[in-house]
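Asks: One structure coming up, written as structure tokens, with questions to follow.
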Amino acid sequence: MAVTVKAYLLGKDEAVKEVRRFTVDQGVSSSFDYLSSKTADVFTCLKNNGFNMYYRDEDGDLVAFSSDDELMMGLACMKDATFRLFIKGKYIYIYTSPAPDMNPQTLL
Numbered sequence: 001m002a003v004t005v006k007a008y009l010l011g012k013d014e015a016v017k018e019v020r021r022f023t024v025d026q027g028v029s030s031s032f033d034y035l036s037s038k039t040a041d042v043f044t045c046l047k048n049n050g051f052n053m054y055y056r057d058e059d060g061d062l063v064a065f066s067s068d069d070e071l072m073m074g075l076a077c078m079k080d081a082t083f084r085l086f087i088k089g090k091y092i093y094i095y096t097s098p099a100p101d102m103n104p105q106t107l108l
């Protein structure tokens, strides 16, 4: 039997930007690599950017996971036979300073 995943893409201040549902075959449901790849396929905006995945534990905390063992702990927190997955994109901010003054008088 397949595992139903309800995935929430989180934006600024953890506001939900997009929600999608998909299934994962039981045989690969505890594979972090498979779930990560499937998530990137479903949320195409994540394909070229990194992202982190989280589940909500029994205390209501978002818990990051990045391995099969941690995913299995998250699957144990499933409610209503649905695994709720929370995703945060990794955004890289590059600061560029203004170009130096290229006045020929100052280069002498």
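For the sequence shown, position 22 matches number 22 in the UniProt record's numbering, and the numbering has no gaps at all. Each residue gets a CB set at the ideal place from its N, CA and C atoms; glycine is no exception.
1. Can you tell me the Cα-Cα spacing of S36 and V28, whole angstroms?
2. Which class does A40 belong to by DSSP, given the choice of helix, strand or coil?
3. Could you tell me how far apart the beta carbons of residue 115 and L85 are, in whole angstroms, since I believe they sit closer than 8 Å?
4. Out of M1, A2 and G89, point me to the one whose CA is closest to N49's CA.
5. Bridge partners of N48, per DSSP?
Replies: With the given structure in hand:
1. Approximately 11 Å between the Cα atoms of the pair.
2. helix
3. Residue 115 falls outside the range modelled here, since the chain spans only 1 to 108, and no answer is possible.
4. G89
5. BP columns for N48 are empty, so no partner.
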